[in-house]
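Asker: Here the protein sequences come in this chain order: A and B.
Quick note, in this note's numbering, the first sequence goes up one by one and the last residue is 248.
Quick note, in this note's numbering, the second sequence goes up one by one and the last residue is 53.
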Amino acid sequence: MFEARLVQSAILKKVLEAIKDLLTEATFDCSDSGIQLQAMDNAHVSLVSLNLRSDGFDKYRCDRNLSMGMNLGNMTKIMKCAGAEDTVTMKAQDNADVVAFMFESKNQEKVSDYEMKLMNLDQEHLGIPETDYSCIVKMPSQEFARICRDLSQFGESMAISCTKEGVKFSSAGDIGSANIKLAQTANVDAEEEAVVIEMQEPVSLTFACRYLNSFTKATPLSAQVQLSMSADVPLVVEYKIGELGHIRYYLAPKIED
Amino acid sequence: IVTQLRLCQYYIVA
Chain A
-8 MFEARLVQSA
2 ILKKVLEAIK
12 DLLTEATFDC
22 SDSGIQLQAM
32 DNAHVSLVSL
42 NLRSDGFDKY
52 RCDRNLSMGM
62 NLGNMTKIMK
72 CAGAEDTVTM
82 KAQDNADVVA
92 FMFESKNQEK
102 VSDYEMKLMN
112 LDQEHLGIPE
122 TDYSCIVKMP
132 SQEFARICRD
142 LSQFGESMAI
152 SCTKEGVKFS
162 SAGDIGSANI
172 KLAQTANVDA
182 EEEAVVIEMQ
192 EPVSLTFACR
202 YLNSFTKATP
212 LSAQVQLSMS
222 ADVPLVVEYK
232 IGELGHIRYY
242 LAPKIED
Chain B
40 IVTQLRLCQY
50 YIVA
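1) Comparing the C-beta of A:Gly118 with each C-beta of chain B, is any distance below 8 Å?
2) With DSSP as the reference, please indicate the residues paired to B:Thr42 in a beta bridge.
3) Along the region 141 to 175 of chain A, what residues have a CB closer than 8 Å to any CB found in chain B?
4) Bridge partners of A:Gln215, per DSSP?
5) Contact criterion: CB-CB distance below 8 Å. Does A:Ile238 meet it with respect to chain B?
6) Applying the 10 Å Cβ sphere with the 16-neighbour rule, what's the burial state of B:Thr42?
7) Going by CA-CA distance only, name the one from A:Met66, A:Glu192, A:Gly64 and A:His35 that's closest to B:Tyr50.
8) Just checking my contact of A:Ala75 with A:Ala(-5) at CB under 8 Å: how many whole Å lie between their CB atoms?
9) Among A:Gln(-1), A:Tyr241, A:Lys97 and A:Ala214, whose alpha-carbon lies nearest the alpha-carbon of A:Leu41?
10) For the region 27 to 41 of chain A, which residues have a CB atom closer than 8 Å to at least one CB atom of chain B, in sequence order?
11) Using 8 Å as the limit for Cβ to Cβ distance, is A:Val224 near chain B?
12) Does the beta-carbon distance from A:Lys250 to A:Ala199 come in below 8 Å?
13) With burial defined as no fewer than 16 other Cβ atoms inside 10 Å of the residue's Cβ, what is the status of A:Val39: buried or exposed?
14) Name, please, each residue of chain B whose Cβ falls closer than 8 Å to the Cβ of A:Ile246.
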């Protein structure tokens, strides 16, 4: 028996928005420790890694490990039926071929039950080693989304260069070029407005704007985003999901031959 | 020429 309850269904809606741009279907692996999802986009250029800890749920029970393959378009249809203030409970029996979603309004005046068929998906998990990154940039998530959107107008790729002075985003194409430099903030009142750079070595890498823009669909989940970079390894873009967990995106760089 | 690399060029399929 699996059961997971979240008082704020809005969080699950936002998680789904954050992954459905990159993935059409995915397997939710449920265990005693929580819900995990790891999947690559079709082109195997980016990877989504979602971790929702069991202790972050308002109620959580998972007697046996369970892998639930879901069509994310169909899951989105169902989650759209939940009111923003509703509580959501996901339930499945052991070895079930369906998952149930129950939405309850405040005071339980309205209770809606939906069932969705599960799918058997071929899973290709990647082993991602613990990495000490040369540069870790923490910045407001809205600022990152804005930069990705703005630079996408200039070219398909954007370079991210990090030094101890700051982080520079640049793009170039037919219409011209764009450069945005962010300095580390000296002192800010609100922690989420800060730009913080931890640098061991300067790094400059180039990435496809299309994927970065997809990652920014997670912006509503967190006020801050963390970019981790090292020479010649994929970029990691991480959004914390409150006390519940995190979503990480991995993106392979582009190289010039 | 700019080449888009893939994740499997960095990580092993577990």
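Beta carbons are placed, not taken as given, at the ideal position from N, Cα and C, and that holds for glycine.
Remember, it's a predicted structure, so these values are computed and weren't measured experimentally.
Answerer: According to the structure data:
1) Closer than 8 Å to some Cβ of chain B, the Cβ of A:Gly118 qualifies, so yes.
2) Note: B:Thr42 sits in a beta bridge opposite A:Ile246.
3) For the region 141 to 175 of chain A, which is checked against every Cβ of chain B, the residues closer than 8 Å are Ser148.
4) Its beta-bridge partners are A:Pro131.
5) Any Cβ of chain B closer than 8 Å to the Cβ of A:Ile238 would place that residue at the interface, and such an atom is absent.
6) Looking at its Cβ environment, which holds fewer than 16 other Cβ atoms inside 10 Å, B:Thr42 is exposed.
7) Check the Cα spacing between B:Tyr50 and each of A:Met66, A:Glu192, A:Gly64 and A:His35: the tightest is with A:His35.
8) The beta-carbon separation of A:Ala75 and A:Ala(-5), rounded to 19 Å, does not stay under the 8 Å limit for a contact.
9) Minimum Cα distance to A:Leu41 is reached at A:Tyr241.
10) Interface annotation for the region 27 to 41 of chain A against chain B: Met31, Ala34, His35, Val36, Ser37 and Leu38, criterion Cβ-Cβ distance under 8 Å.
11) Taking Cβ atoms only, chain B reaches closer than 8 Å to A:Val224, which makes this a yes.
12) Here chain A covers residues -8 to 248 and nothing more, so residue 250 of chain A does not appear.
13) By the neighbour-count criterion, in which a residue is buried when 16 or more other Cβ atoms sit within 10 angstroms of its Cβ, A:Val39 is buried.
14) Simply Val41, Thr42 and Leu44.
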